[in-house]
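Each protein sequence line maps, in turn, to chains V and C. FYI, in my numbering the residues of the first sequence are 11 to 216. FYI, in my numbering the residues of the second sequence are 1453 to 1843. Reading through the structure tokens given below for one structure.
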Amino acid sequence: MSIGIVDVGIGNIGSLRGALYSQGWDAEIITKAVDMAHVTHLFLPGVGSFAVAMRRLHAAGLVDPIRQHAAKGGPIMGICLGMQLLADRGVEGGVSEGLGLIPGDVIKFKVASQLRLPHVGWNELHPQAEHILLKGVRPGVDFYFVHSYFFDARRETDIVGTTNYGFSYPSFVMNGSVVGVQFHPEKSQRNGLQLLDNFCLWDGAC
Amino acid sequence: MTVKSTSLKRCSRCGLPETYETIEFDQYGVCNICRQQEFKRDKIDWQERKRLFEALIEEFRGKYDYDCIVPFSGGKDSTFTLYHLVKEYKLKPLVVQFNHGFMRPTLLANNERTFKALGVDVISFTPNWKVVKRLMREALIRKGDFCWHCHTGIFSYPMHVAIKFNVPLVLWGEPSSEYTAYYDYSDNEVETVDETRFNRFVNLGITAEDMKGMIEKDFDLDPRDLLPYTYPALRDLKRLRYQSVCLGSYIPWDVKRQSQLIMDELGWQGDQVEGMPPGIYPYEKIECHMQGVRDYLKFLKRGYSRVTQMTAIDIRNGRMRKEEADILISDWEGKRPPSLEIFLEYLDMSEDEFNEIVRKLVVSPFQPDFQAIQVGSKTPDFDKWYRETKT
């Protein structure tokens, strides 16, 4: 088993790596295609702009290897921007094509003026369905969020959990072995660490 | 100025006072400890819990050198736990005992009988006594609870053994929800005995790292001396895929039934404890010859002690009326135990110094009356206890 964290300079790798380390997991840093050779579990973290991130992934030659990993049923977890990159399209920084692993578009929040952007802080995850990755995580517990755009999933069946910020939006999406979480599990204390643990123990099957 | 224990606000049902750790009273004046017990009795699906337990042990059975570690003091709870795991479930445990330094003769005899009757492998660890003495002094001064080495040793050391021996499953006995609300039965969760719990209340808010800083200026400390009191790194436990839980989260804990069982099946014997009415609670806290001083400190700081706690449990279970309890409490609680003399010898401290320290740690609104303290009687094995008399 080998855990990989994609690093193309668009994410805070440290927190994720530290969280995994404390839970007993060792992760490799993936910067180019050849690094993907033995990876069984892939993390795609991200902080920043959709367009910039996709350009960087292309430049690193990682887009195809990531898609191939998904095609083989390999577990992938996209975190925050990383989750958004799993979509078909994003509009941040200009319209650009995403990895296309979970049908949907990433669009900006349109919220009432009393609610500020970015959505920052602890908020509840409401599961719409049972999922093996949520084992040991009670419905409605808080996770830590920082984002201004959200994943508008096309299929209801791909939505594992939602969160409310002015309206209910998908905060946990899934398509086969590919999952995306809008919140930061590595910053979400006990429940976040539980989720990371569950992912590292997962074989990708539903 | 003194505030008597009789003027403390108390639970209208069981009598526990407002100075009890974690206590809260609801609009009926009933305490959360009583309410937790109601939840335990009426709302927890114990059949489901039993199923969970049986699934848990099968994950580990036969796969390692031992099926589980059972941290063991030899008191009623750990003896029952060991008995239950061996007899009911035929598990192969590694019994791990942390020797706090104050084990009583009856306890030692009980343990020998228990280990031989059940047929188990046992490891016993005794930490450096000189370090223990310095730790007791520091803990007494900072917290009015000299048992820091024991609290931390009991909960850390077996985890080190789990890692060293590669035995991931650690099975404890009674959940803390039996006594306090740091963990509440009403959360309807298994109580995990982990570092979070250790830091929440076990270590009194003092880690081994803290303690090092507190004692190293005047004590010749090798940092490794504090390893037995240090909780191991989470990473090491996670890599082991450890699970550390209380048997009492899977079966409803019933001390009266369980004590009777081990007395009948293992010949386990109770003992007299300083400050307790003779014969009524022979199963409670019999392991340690410093128990009297522990209970005395509790009384000085909080205005109640072991008799209040034991009668509270009986009242809650409908085994005693409040009036009977009140008589036992007023007759037996709050007396200065003979073992205090031994304790003061260990620490080379006078009783005046002791009282001065305790005065600073009293839990409001109680105020002890040091002038009105009566002297309690010795237990039969008093003369067998280790002394450090200055010659």
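A virtual CB, placed ideally from N, CA and C, is assigned to each residue, including glycine.
* Could you give the DSSP three-state label for tryptophan 1498 of chain C: helix, strand or coil? => Note: tryptophan 1498 of chain C maps to helix in three-state DSSP.
* In angstroms with no decimal places, state the Cα-to-Cα distance between glycine 1528 of chain C and threonine 167 of chain V. => Looking at the sequence provided, one finds lysine at residue 1528 of chain C rather than glycine. Distance between lysine 1528 of chain C and threonine 167 of chain V, taken at the CA atoms: about 53 Å.
* asparagine 185 of chain V bridges to which residues according to DSSP? -> For asparagine 185 of chain V, which the question treats as bridged, DSSP gives the partners V:Val188.
* Asked: If proline 1610 of chain C and isoleucine 1521 of chain C are in contact, beta carbons under 8 Å, what's the gap, nearest whole angstrom?
  -> Correct: roughly 5 Å between the Cβ atoms.
* If you follow the alpha helix (DSSP H) that glutamate 1775 of chain C is part of, which residue opens it and which one closes it? -> Start and end: 1774-1784.
* Give, in chain order, every unbroken run of the alpha helix (DSSP H) that is at least 4 residues long and sits entirely within the segment 1731-1774 of chain C. => The qualifying runs are 1743-1754, 1758-1768.
* To do: Ignore the nearest five residues each way along the sequence and tell me which others in arginine 1693 of chain C's own chain have a CB closer than 7 Å to its CB.
  => Excluding residues within five positions, the ones whose Cβ falls inside 7 Å are Pro1620.
* 4 or more residues per run - each alpha helix (DSSP H) lying fully within the segment 1564-1616 of chain C -> Counting only runs of 4 or more, we get 1581-1595.
* **C-beta atoms of phenylalanine 1554 of chain C and cysteine 1740 of chain C nearer than 8 Å** => Using a Cβ distance threshold of 8 Å, phenylalanine 1554 of chain C and cysteine 1740 of chain C count as a contacting pair.
* To do: Could you say which of C:Pro1684, C:Ser1464, C:Thr1578, C:Phe1532 lies nearest to glutamate 1661 of chain C if we only look at CA atoms?
  => That would be C:Pro1684, whose Cα lies nearest to the Cα of glutamate 1661 of chain C.
* Asked: Who pairs with leucine 1546 of chain C in a beta bridge, going by DSSP?
  -> DSSP output for leucine 1546 of chain C lists C:Ile1521, C:Asp1573 as bridge partner(s).
* To do: Identify whether threonine 1841 of chain C lies in helix, strand or coil by the three-state DSSP scheme.
  => When secondary structure is reduced to three states using DSSP, threonine 1841 of chain C falls in the coil class, being assigned neither helix nor strand.
* Extent of the continuous alpha helix (DSSP H) run through methionine 93 of chain V -> Run containing methionine 93 of chain V: 91-94, per the alpha helix (DSSP H) assignment.
* Taking the DSSP output, what are the residues bridged to tyrosine 159 of chain V? -> Looking at the DSSP assignment, tyrosine 159 of chain V forms a beta bridge with V:Lys118.
* Asked: Listing by chain order, which chain V residues have their CB less than 9 Å from the CB of leucine 1686 of chain C?
  -> Identification of chain V residues near leucine 1686 of chain C by a Cβ-Cβ cut-off of 9 Å yields Ser32, Gln33, Gly34, ordered along the chain.
* Asked: If you measure from the beta carbon of arginine 1691 of chain C to each beta carbon in chain V, is any gap under 8 Å?
  -> Yes, arginine 1691 of chain C lies at the interface with chain V (some Cβ there is under 8 Å from its Cβ).
* **Within 8 Å, strictly: CB atoms of isoleucine 112 of chain V and valine 57 of chain V** => No, Cβ-Cβ distance for isoleucine 112 of chain V and valine 57 of chain V is not below 8 Å.
* On a CA-only basis, which of C:Asn1655, C:Lys1616, C:Trp1581 is nearest isoleucine 1606 of chain C? Give me that one, please. => Looking only at C:Asn1655, C:Lys1616, C:Trp1581, the smallest Cα-Cα distance to isoleucine 1606 of chain C is reached by C:Asn1655.
* Asked: Of the choices C:Ile1667, C:Arg1513, C:Pro1729, whose alpha-carbon is the least far from that of leucine 1623 of chain C?
  -> The shortest C-alpha separation from leucine 1623 of chain C is found at C:Arg1513.
* histidine 79 of chain V to alanine 163 of chain V span [Cα, whole Å] -> Rounded to whole angstroms, the gap between the alpha carbons of histidine 79 of chain V and alanine 163 of chain V is 21 Å.
* Go ahead and label serine 1457 of chain C buried or exposed: buried means 16 or more other beta carbons lie within 10 angstroms of its beta carbon, across all protein chains shown. => The residue is buried, with at least 16 neighbouring Cβ atoms inside 10 Å.
* Bridge partners - leucine 52 of chain V, DSSP secondary structure assignment -> According to DSSP, which records beta bridges pairwise, leucine 52 of chain V is partnered with V:Gly14, V:Ile86.
* Can you round the beta-carbon distance between aspartate 1783 of chain C and threonine 1558 of chain C to whole angstroms, since I take them to be within the 8 Å contact cut? -> Not confirmed; about 24 Å, so no contact.
* Quick one: using the 10 Å Cβ neighbour count with 16 as the cut-off for buried, is methionine 11 of chain V buried or exposed? => Residue burial annotation: methionine 11 of chain V is exposed, with fewer than 16 other C-beta atoms found within 10 angstroms of its C-beta.
* Asked: In whole angstroms, what is the alpha-carbon distance linking proline 149 of chain V and isoleucine 1575 of chain C?
  -> C-alpha separation (whole angstroms): 42 Å.
* Asked: What are the partner residues of isoleucine 169 of chain V, as DSSP defines its beta bridges?
  -> According to DSSP, isoleucine 169 of chain V bridges with V:Val183.
* For cysteine 1698 of chain C, the residue or residues it bridges with in DSSP -> Bridge pairing for cysteine 1698 of chain C: C:Trp1624 [DSSP].
* Under 8 Å between the Cβ atoms of arginine 1501 of chain C and serine 1701 of chain C? -> Between arginine 1501 of chain C and serine 1701 of chain C, the C-beta gap is smaller than 8 Å, which places the two residues in contact.
* Output the distance between the C-alpha atoms of glutamine 1489 of chain C and lysine 82 of chain V, rounded to the nearest integer angstrom. => The straight-line gap from Cα to Cα measures roughly 52 Å.
* Asked: With distances taken from CA atoms, which of C:Leu1813, C:Pro1820, C:Pro1790, C:Val1810 is nearest phenylalanine 1834 of chain C?
  -> When the alpha-carbon of phenylalanine 1834 of chain C is set against those of C:Leu1813, C:Pro1820, C:Pro1790, C:Val1810, the nearest one is in C:Pro1790.
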